[in-house]
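I have placed the structure first, in the form of structure tokens, so that the comments after it can refer back to it.
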Amino acid sequence: MKISLKWLSEYVEVPGDVKAFCDRLDLTGTGVEAVEKTGASFDGVVVGYVETCEQHPDSDHMHVTTVSVGADEPVQIVCGAPNIAAGIKVPVATIGTVMPGDFKIKKSKLRGVTSCGMCCSQRELGIGGDHEGIWILPEDAPVGMPIAEYLKMSDTVLDLEVTPNRPDCLSVVGMAREVGAMYRTNVVSPLADMAARLEVDASDQPVDQVVRVSIEDSVRCPRYTARVIRGCKVGPSPDWMVERLAAIGQRSVNNIVDVTNYILFLFGQPLHAFDLAKLSGSDGCASIVVRAAEDGEKLVTLDGEERALTSDMTVIATPELGAVALAGVMGGLDTEVTEDTVDILLEAAAFEPGRTSRTSRNLGLISESSMRYERGVDDHGIDERSAAAAALIVEVAGGRVSAAATNQLGIVDEWPAPSQAVELEFRIPRFCAMMGADIPREDIVDILERLGCAVSSAGEADVLAVVAPTFRPDLEREIDLYEEVLRLWGMDRVPSTLPGGPGRVGTRSALEHALDTVNDVMRASGLNETMTYSFAEPGDLGRLRMSSEGLGEPVELINPLNADQSVMRQSIVPGLVRSVAYNQSRGVKNVQLYETGQVFFAHEGRKQPKERRRVAGVLAGAMRDAGWNERPDAFDFFDGKGVVESLARELSIAKLRFKALSAEEAPHLQPGRAAEVLAGGTSLGWVGELHPLAVDAYEATAPVVAFELDVDALVKSSRPARDYIDVPTFPAVSMDVAFVVDEDVAHERLVQCMSSAGGKLLEDARLFDVYRDEQRVGAGKKSMAYALTYRAADRTLTSEEVDKTHERLVKKVCGATGAEVRG
């Protein structure tokens, strides 16, 4: 929110040191994002005096003028404004001036006549809506004076970052209250004086006979008020109001709209002005109904767009017209105030914050009003703020405020659900103990009262009874009051102390050591660490063809940022594959990425979702670029398997094995190139080449190798260190054997049989050849040749021992798998 220090200083004393003021605001929780000096945009615009004005020789609507701008010589300017004449004073943009819209004034020729500047209208300067002609200044305007200095538009504007829990700070009066509490200075609120200026006219038909208001759901709309102002003249706003709004970046529209904006920024109360004649029904009465929109109901909003509404939205409606405004967001085009409007219905209300927020975001209509309503507008005091607005409309647009038959305030006020003030205790000793500072009682009371709280003694000397104001919905608990007092007293004033307690030696947990090892191995294997969103699309697993079995239910977000990020991820791999596609589409073909992060899954009947830490990686392309003399092989299953094996080796995971996965078990992986990673009987995860259809779904280029492992399972299966094996001192005996087996017999099965039969003497069994030939081996058969290494750690083996062990091994393999030894 932008705040003008000139405007703010009307209600509270603002420190002269702007930098120190901004630093103090930052410390108290209101961030200052930018500081802008207004008037700088008018650099080069000065007061000019038109000395001569003659008809352009080649145009029937332009004039050639000579204008004195305070320099030695007057300048020649070609002007097309109909009200240009000799003897008047006007704003002149000299050569080099950059106008609003980034338009730079240059020396130019208009139909053959040189022009060295521009005479400006209010709209061209961005400080008004009048564009009928140039802006004629008063006769006493000093020639050559910068226009910003003459108009007294020099100001400092702060762009504030107001947190969502502080709706009271979204107004000048609210910020004045905050500054008064920060510096313990008095604050002047203009509300009572402005509301007191309202005079109602009993000569017209009473407002409660002209307007009827009905609220169908008090949760959607706790309070709705309406006033009628007759005989208004819609036109330009006075200069002081235009100046106030322009300073905070608001363009002047007309006097009625400008008043609603002025009250919005001054008090934080959104208003809406309807053309009363357009609302009135056949009986001459405007019947306002605040209700839920109907699914599919249409409304053309003030921006000219037709909106399709849903039942979650709240509308202002009449029986004859249907919806005429979106509650808290934007009015309707059919009932807007125009130049022909004479009678106005002024709305001031409070609407449900959550529903307003969803409506504005679902329709893409973020406005100053919706921003305040979604944070919470106080339903108390709406009648006074409405009275101030009505009095101001009469002041700038004329007219008269209709009286009411039932009250003296000239208002129709429906208030079915008043909000209740929160009553809290403030225990001073507990507060001082928690904050670590002895803050005097009088300081505590002063700060709370300046924030708008009612403070009294609760019967005990050290306990205060505090009633929080209704415009502070964030003050719900005693601890909230503690925070308010401490931030305004000054957290920087709390003395630094060392925490008490016995000395402790910090150590790293097994998980932290394991994560360090994971990162080291991944980087050593050539993978780059990345971080993807924890939010995911609902169809991510389906697009990857990954089964959701065992992953629980997806965790849906209540208020997602967008539809593409509406659930929490159940796997890290989809995000990594999306990163692969992003890189490949931009010419990066070799992509190796990994990520360590959380995945989320819910279960029916449980309140909180579960989280699991996973490490996942993807490899696409090749390990290096092709050279002039070689083309590196593309990544395949065994590259991913190698990364997993390296990780298991560094974590000292025993009994690591890979179990082949079928297409039914892992539909997202290539059949025959997919495996489950196991440590004994514990499943660690999976590794394999992603199915081409899964890769295509993400618009990536196959092959893409991926793996995903459970970090907790890795830590549980790891050991502090690997077993030490001494360097062998006795010779080994090497023997080769080839087994002819059926195609469906896996290498893992043969190795298991050989390890079981070979016992301690079998040191290694290495597959060195796989041979297929229907003539020599047989149809549906394959020959798998192994190099076997036998060794004893304590002696030299004899040929009899080796032969006996080898025969037992061959017999066990043949009996268990149906293999035959190939001669």
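All letters in the sequence shown, in the order written, are residues 344 to 1166 by the working numbering.
Where is the CB? At the ideal position from N, CA and C, for every residue including glycine.
For Y493, the secondary structure class from DSSP, reduced to helix, strand or coil, is helix. In this structure L1036 is exposed. Its beta-carbon is surrounded by fewer than 16 other beta-carbon atoms within 10 angstroms.
For F1073, no beta strand (DSSP E) segment is defined, and its DSSP state is neither H nor E.
Just measuring C-alpha positions, the residue of A1089, L588 and K345 sitting nearest V500 is K345. In this structure, the beta-carbon distance from K641 to E649 falls below 8 angstroms.
For the set P783, L368, S464 and V1054, the Cα lying nearest the Cα of E855 is the one of V1054.
With three or more CB-CB distances shorter than 8 angstroms, the region 1122–1130 counts as touching the region 1084–1092. Assignment of beta-bridge partners to C396 by DSSP yields T408.
A residue is called buried once 16 or more other Cβ atoms fall within 10 Å of its Cβ, and Q751, having fewer, is exposed. M442 sits in a strand when the DSSP states are folded into three classes. Every unbroken stretch of the alpha helix (DSSP H) spanning 4 or more residues and falling wholly within the region 711–787 is given here in chain order: 711–716, 725–740 and 771–778.
Annotation: W1029 to Y925 spans about 24 angstroms, alpha carbon to alpha carbon. Comparing alpha-carbon positions, the option among N871, G1101, E892 and A1043 lying closest to R929 turns out to be A1043. Q419 has T409 as its beta-bridge partners, per DSSP.
Taking 3 residues as the shortest admissible run, the region 553–628 contains the following complete beta strand (DSSP E) segments, listed from N- to C-terminal end: 554–558, 566–573 and 614–618.
Here the C-alpha atom of D386 lies approximately 47 angstroms from the C-alpha atom of L824. By the neighbour-count definition (other C-beta atoms within 10 Å, threshold 16), M777 is an exposed residue.
Straight-line measurement puts the Cα of A811 at about 33 angstroms from the Cα of Q593. Counted as a single uninterrupted DSSP element, the stretch harbouring Y825 is not any beta strand (DSSP E) but the alpha helix (DSSP H) occupying residues E821 to W832.
Excluding sequence positions up to five before and after V643, its CB lies within less than 7 angstroms of the CB of E649, G675, L676 and D677, all in the same chain and listed in chain order.
For S800, the enclosing beta strand (DSSP E) starts and ends at A797 to S800. In the three-state DSSP reduction, W1029 falls in the strand class (E or B).
DSSP places V848 outside both helix and strand once states are collapsed to three, so it counts as coil. F814 sits in coil when the DSSP states are folded into three classes, being neither helix nor strand. Annotation for T702: the continuous alpha helix (DSSP H) segment containing it runs P696 to L706. With distances taken between CA atoms, T661 lies nearest to C628 out of E682, C628 and I431. Look at D835 here: in three-state DSSP terms it is helix. Residue environment: L841 is assigned as exposed (fewer than 16 neighbouring CB atoms within 10 Å of its CB, all protein chains considered).
Ranked by Cα distance from K495, the options L513, A590, S532 and C564 are led by A590. A direct Cα-to-Cα measurement between G517 and L588 gives close to 17 angstroms. Taking all protein chains shown into account, G742 has 16 or more neighbouring C-beta atoms within 10 Å of its C-beta and is therefore buried. Shown here for S700: same chain residues with a beta carbon closer than 7 angstroms to its own, the five before and five after excluded, namely E717 in chain order. The Cβ atoms of C564 and T657 lie closer than 8 angstroms to each other.
When V522, D726 and V1038 are compared, the shortest CA-CA separation from V961 is found for V1038. Annotated three-state conformation of G647 is coil, per DSSP. For A660, the enclosing beta strand (DSSP E) covers residues T657 to T661.
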